[in-house]
Amino acid sequence: MTVLSQTHPTGLVFVDETSDDLYFGIGCLKLRDPHAVLTAFAELRSENRFQGKLRWADLSGYSAPRKQLVRDTVLMLARDPAVEFNCVLTDLRRVGGLRSYGSGASAYIQLATQAIATCVADPAELIAVIADQFDTAVGTELESKIVRAANDRKKRLGAVTMQRVASAGTDGLQLADLVLGAITYVFRSATKPESDSGKRDIAMALMTDGYGLTAYHDSSGGRSIPGRLTVELLPRRARSRPRGAEGLVRSRRLMVTVMRPPPFGPVRPCPRPPRHAIRDGQGWSPGA
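Numbering of the sequence shown is given in my numbering, commencing with residue 47 and proceeding in unit increments.
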């Protein structure tokens, strides 16, 4: 019998989903040292005297101090080298809505399998998965299907177990919700610009201050480069290069693969780190 050492690589993954008229997506927040991260989050809560549930969807109604709490929390995650985030978004306009997957549960299983398998990066790493509550029909066996499919992709045991719980009492799920909300906001703003300056500022802080966005490049063949933050936008064309530019935004700590022209503006090499600007009513664009 093989006995694992006390230093064997492990991780705790918190899974959240998002759905609106444009995108359906799954985000996975992986913590290699969950105690340290969740304790730091608890301290931020205590400093701000707020113990309620944080949700990206409720951000517009938050007070200025609470919005600052969300911003500080997102940047805390972005700057922690032991934190990773993997996200898969599907563009519902291009696939004919969730009905193209057969059901919401089928869409969840397919995208969660892909995102969770991506979380198992180390050749020997083991992860446990905690997911936000997602209602399914009795007998769906959602957790077992995802765990089995993710391990099949890795051709080994990587995801040990998965369980859905309510996010109200689970800080890790609230953290995953905030990061997923900010990322989805970036993509939505290219199509439906919002006037909420709080969301815009936090999303921009995540994409620039937190991960040090440095350059735009053309990618080749849809290959991705492992990074601490990964966003894959579906659908993608199999074995062929999509028409138009396929964007790969790269930096030392950020990788965003966008399987269509990205919302940040034209894909081009940048000789120096860009300063991002958001023009009112025009979505995201890189500034000079």
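Glycine included, each C-beta is placed from N, C-alpha and C at the ideal position.
One or two residues paired with residue i in a DSSP bridge
| i | result |
| --- | --- |
| Arg117 | Looking at the DSSP assignment, Arg117 forms no beta bridge with any residue, so it has no partner. |
| Gln209 | Ile176 |
| Val129 | Leu77 |
Continuous alpha helix (DSSP H) stretch holding residue i: start and end
| i | result |
| --- | --- |
| Gly244 | 243-250 |
| Lys200 | 188-200 |
| Val225 | 217-237 |
| Gly150 | 150-165 |
| Phe96 | Segment: none, Phe96 is in no alpha helix (DSSP H) and carries neither H nor E. |
Alpha-carbon spacing of residue i relative to residue j, whole angstroms
| i | j | result |
| --- | --- | --- |
| Glu130 | Leu77 | 7 Å |
| Asn197 | Thr119 | 31 Å |
| Glu187 | Ser152 | 11 Å |
| Leu92 | Ala249 | As written in the sequence, residue 92 is Ser, which differs from the Leu given in the question. Approximately 24 Å, taken between the alpha carbons. |
| Arg140 | Val232 | 18 Å |
Burial state of residue i (16 or more Cβ within 10 Å)
| i | result |
| --- | --- |
| Glu278 | buried |
| Thr85 | exposed |
| Gly218 | buried |
| Arg117 | buried |
| Gln220 | buried |
| Ala251 | buried |
| Arg202 | exposed |
| Gly143 | exposed |
| Met47 | exposed |
| Ser146 | exposed |
Residue span of the beta strand (DSSP E) that contains residue i, given as start and end
| i | result |
| --- | --- |
| Glu63 | 56-65 |
| Tyr69 | 69-77 |
Below-8 Å beta-carbon distance, residue i vs any chain C residue
| i | result |
| --- | --- |
| Leu50 | The structure shown contains no chain C; it holds only a single protein chain. |
Anticipated Cβ contact below 8 Å, residue i with residue j, distance rounded
| i | j | result |
| --- | --- | --- |
| Leu173 | Val166 | The question names Leu, but residue 173 in the sequence shown is Ile. Yes, Ile173 and Val166 are in contact; Cβ-Cβ is about 6 Å, under 8 Å. |
| Leu115 | Asn132 | So it is not a contact: roughly 25 Å between Cβ atoms. |
| Leu280 | Asp137 | 7 Å |
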